[in-house]
Amino acid sequence: MLRWLGFMFFTGGAAILATWLADRPGTVKIEWEGWGVDTTVGVVLVLIAIFSIAVSLVYQGFLLLRRMPGKISASWRNSRREKGYKALTRGMVAVAAGDAGEARRNADRVSQILNDPPLSMLLSAQAAQLNGDEEAAEQFFKEMTKTKDTAFLGFRGLFNQAMKRKDYKVAFELASKAYQGNPKSSWVAEAFLKLQMRHGIWREAINTHNDMLRNNLLNSKEANHFQSALYYQLAIQSLDSGDKLSAKTDLKASIKKNPGFVPGIVELAKLFLVDGKKQKVAKLIEKAWSINPHPDLAKLYGKTCGSGEKIDQLKHFEKLIIRNSDHLESRIVKARALINAKFWGEARKVLIKETGELVDQDFRAYCMLAELEEKEHGDHKASRKWLDAANKIPQGPLWICRNCGNAVPEWSSFCASCESFNAFVWQHPRHISSNSNGIPLAKNLFTEQKENEAADIEAAQTFSSDNAVTEKNKEQNDQQNAR
Ligand SMILES: [Zn+2]
Numbered sequence: 027m028l029r030w031l032g033f034m035f036f037t038g039g040a041a042i043l044a045t046w047l048a049d050r051p052g053t054v055k056i057e058w059e060g061w062g063v064d065t066t067v068g069v070v071l072v073l074i075a076i077f078s079i080a081v082s083l084v085y086q087g088f089l090l091l092r093r094m095p096g097k098i099s100a101s102w103r104n105s106r107r108e109k110g111y112k113a114l115t116r117g118m119v120a121v122a123a124g125d126a127g128e129a130r131r132n133a134d135r136v137s138q139i140l141n142d143p144p145l146s147m148l149l150s151a152q153a154a155q156l157n158g159d160e161e162a163a164e165q166f167f168k169e170m171t172k173t174k175d176t177a178f179l180g181f182r183g184l185f186n187q188a189m190k191r192k193d194y195k196v197a198f199e200l201a202s203k204a205y206q207g208n209p210k211s212s213w214v215a216e217a218f219l220k221l222q223m224r225h226g227i228w229r230e231a232i233n234t235h236n237d238m239l240r241n242n243l244l245n246s247k248e249a250n251h252f253q254s255a256l257y258y259q260l261a262i263q264s265l266d267s268g269d270k271l272s273a274k275t276d277l278k279a280s281i282k283k284n285p286g287f288v289p290g291i292v293e294l295a296k297l298f299l300v301d302g303k304k305q306k307v308a309k310l311i312e313k314a315w316s317i318n319p320h321p322d323l324a325k326l327y328g329k330t331c332g333s334g335e336k337i338d339q340l341k342h343f344e345k346l347i348i349r350n351s352d353h354l355e356s357r358i359v360k361a362r363a364l365i366n367a368k369f370w371g372e373a374r375k376v377l378i379k380e381t382g383e384l385v386d387q388d389f390r391a392y393c394m395l396a397e398l399e400e401k402e403h404g405d406h407k408a409s410r411k412w413l414d415a416a417n418k419i420p421q422g423p424l425w426i427c428r429n430c431g432n433a434v435p436e437w438s439s440f441c442a443s444c445e446s447f448n449a450f451v452w453q454h455p456r457h458i459s460s461n462s463n464g465i466p467l468a469k470n471l472f473t474e475q476k477e478n479e480a481a482d483i484e485a486a487q488t489f490s491s492d493n494a495v496t497e498k499n500k501e502q503n504d505q506q507n508a509r
């Protein structure tokens, strides 16, 4: 449209100029060196126009000739670049498919054709790894760290290599460098945190964890539970070095992050007991009991009782039970205290419904019923019957790893089986289904609504004087550990 308007404007202008000249006739006379020309102004103007067009055409031709080599060279480069990228694509596909030979061939081709060292180095490193040549791959990764654009990938490659050969010192240094350059990268932050934990530098791990939270790399509820365990580890480290004051501060921080965190509450309660602060311990445990009842808490609560009289102990435990009276763990504690105080009938009512069914299919409940038969009626046969029934159900609850299903009687921050951190939850093994190999499936743990439903063999050991029960527990513990 614009061109057409330009053409119309130009032809219109030329017509107006021609008409204007025709209306004003005139002559031009040129004399030079004895040579002369007489002509009209119109002819001279036409000649000037023809001359100008000719000069312009010659100039355009000159420019075309001058640009020709460049254009030919650019076309050749484009074609080569295209070939290079095709080789790169084929190389990447070969890496994905695990075809080491094809990856190597294409990596060589890319480095010959493409003048793009970072791209060819990445492919070459991956091809070298596929060929099992870790040394060559390491050299490529090291080269990559020297270029700003590929430094991050280079660090990642070197980090993965170090982790593979379990060189955690080098892996830590690499993760540290990568984290300084890119703290918002999820994998870098996670890797750095894990290595800080592996090296036992818990304060730094807490700082990294806080940074991850600030950078929206974590879910806040899960993060609180995780950090609770980090503070716990820090406190244990302080305890190991004899710094009880710091240990108390860190344990309080741990409980603040997760008020139901049993290992933290237990450790703090133990420290308070050493200081003779029984009331403080009682309050601490009563508060925790309403959130997450656990036999270890009941065991420590027993130590806050003033008198050694069984009836006083029963009254004392009532204050704890009332905090979470419907919970299985409260029933177990109540039954235990009633048996100790020789309230046989009351104890039986806690364990057995009016219909004759057991209130809960809990190993300790069976053992206490056996104890009741023995102590109340001296009925060995009935007692044996309950113990036989106890044999048929899984012992529990236990600390069970959410990641691999490993079940242990004692909590630890790292799972010995899968090395997961803070993965143990207090649960009944009956809540875990097994696959065909008999390996518990951790995913089932997450579908349970009452995640921390409690019960414990240790409580039975603490409150009971019945050796048969204790032996039975030990036996089952051993069986569990053997698994
Ligand atoms: Zn595990």
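When we follow this note's numbering, the leftmost residue of the sequence shown carries the number 27, and every step to the right adds one.
Backbone N, C-alpha and C fix where the C-beta goes; we use that ideal spot for every residue, glycine too.
Whole-angstrom distance between residue j and residue i, CA atom to CA atom
i, j, result
"asparagine 429", "lysine 192", "22 Å"
"isoleucine 232", "serine 272", "15 Å"
"alanine 204", "valine 214", "7 Å"
"tyrosine 194", "alanine 324", "41 Å"
"serine 146", "leucine 140", "8 Å"
"lysine 296", "leucine 326", "8 Å"
"proline 435", "leucine 424", "5 Å"
"alanine 197", "asparagine 186", "8 Å"
"lysine 341", "arginine 240", "48 Å"
"glutamine 138", "lysine 190", "31 Å"
"leucine 43", "isoleucine 98", "44 Å"
"arginine 107", "asparagine 132", "14 Å"
"aspartate 352", "glutamine 259", "32 Å"
"lysine 304", "isoleucine 291", "14 Å"
"glutamate 479", "proline 319", "Because glutamate 479 sits at a pLDDT of 29, beneath the cut-off of 50, its placement in the model cannot be relied upon, and the following sentence gives the value as read from the coordinates. The alpha-carbon atoms of glutamate 479 and proline 319 are separated by roughly 8 Å."
"glycine 334", "serine 443", "42 Å"
"arginine 357", "isoleucine 347", "8 Å"
"tryptophan 102", "arginine 92", "17 Å"
"lysine 379", "phenylalanine 389", "16 Å"
"alanine 75", "glycine 39", "14 Å"
"glycine 52", "valine 67", "6 Å"
"phenylalanine 218", "leucine 149", "26 Å"
"glutamate 355", "alanine 122", "53 Å"
"threonine 381", "tryptophan 452", "29 Å"
"glycine 302", "alanine 261", "20 Å"
"alanine 249", "histidine 235", "8 Å"
Cβ distance (whole Å) where residue i is taken to contact residue j below 8 Å
i, j, result
"leucine 156", "phenylalanine 181", "Rounded, the Cβ-Cβ distance is 20 Å, inconsistent with contact."
"isoleucine 337", "alanine 367", "5 Å"
"leucine 398", "alanine 373", "6 Å"
"asparagine 284", "serine 316", "Wrong, their Cβ atoms sit about 14 Å apart, outside the cutoff."
Nonlocal neighbours in the same chain, by C-beta distance under 7 Å from residue i, ignoring five residues either side
i, result
"glycine 404", "none"
"glutamate 230", "Gln222"
"isoleucine 281", "Phe287, Gly290, Ile291, Leu294"
"lysine 345", "Glu312"
Which of helix, strand or coil DSSP assigns to residue i
i, result
"isoleucine 56", "strand"
"threonine 66", "strand"
"alanine 442", "coil"
"alanine 363", "helix"
"phenylalanine 369", "coil"
"asparagine 284", "coil"
"leucine 297", "helix"
"cysteine 331", "coil"
"cysteine 427", "strand"
"leucine 326", "helix"
"valine 451", "strand"
"tryptophan 61", "strand"
"isoleucine 337", "helix"
"valine 84", "helix"
"valine 434", "strand"
"leucine 384", "strand"
"isoleucine 227", "coil"
Neighbourhood of residue i by C-beta, 8 Å cutoff - its chain only, sequence neighbours within 5 removed
i, result
"lysine 306", "Phe298"
"isoleucine 227", "none"
"serine 446", "Cys427, Arg428, Asn429, Cys430, Phe440"
"glutamine 339", "Gly328, Cys331, Ser333, Ala363, Asn366, Ala367"
Contact set for residue i: own chain, Cβ-Cβ below 6 Å, skip 5 residues either direction
i, result
"alanine 154", "Ala162, Ala163"
"phenylalanine 167", "Ala151, Gly180, Gly183, Leu184"
"alanine 449", "Cys427, Arg428, Asn429, Cys441"
"arginine 135", "Ala113"
"threonine 173", "Pro144"
"lysine 476", "With a pLDDT of 31 at lysine 476, under the threshold of 50, the modelled position of this residue cannot be trusted; read the value that follows with caution. Closer than 6 Å at the Cβ level, and outside the excluded window around lysine 476, lies no residue."
"valine 63", "Ile56"
"glutamate 400", "Ser409"
"alanine 244", "Note on residue identity: the sequence assigns leucine, not alanine, to residue 244. Met238, listed in sequence order."
If you measure from each CB to the nearest heavy atom of ligand 3 and keep those under 5 Å, what residues do you get, in chain order?
In the structure shown, ligand 3 is absent; the only ligands present are ligand 1.
Under 8 Å, with one C-beta from each stretch per pair, do the segment 105 to 118 and the segment 87 to 96 reach the 3-pair mark?
With the cut-off at 8 Å, the segment 105 to 118 and the segment 87 to 96 do not touch.
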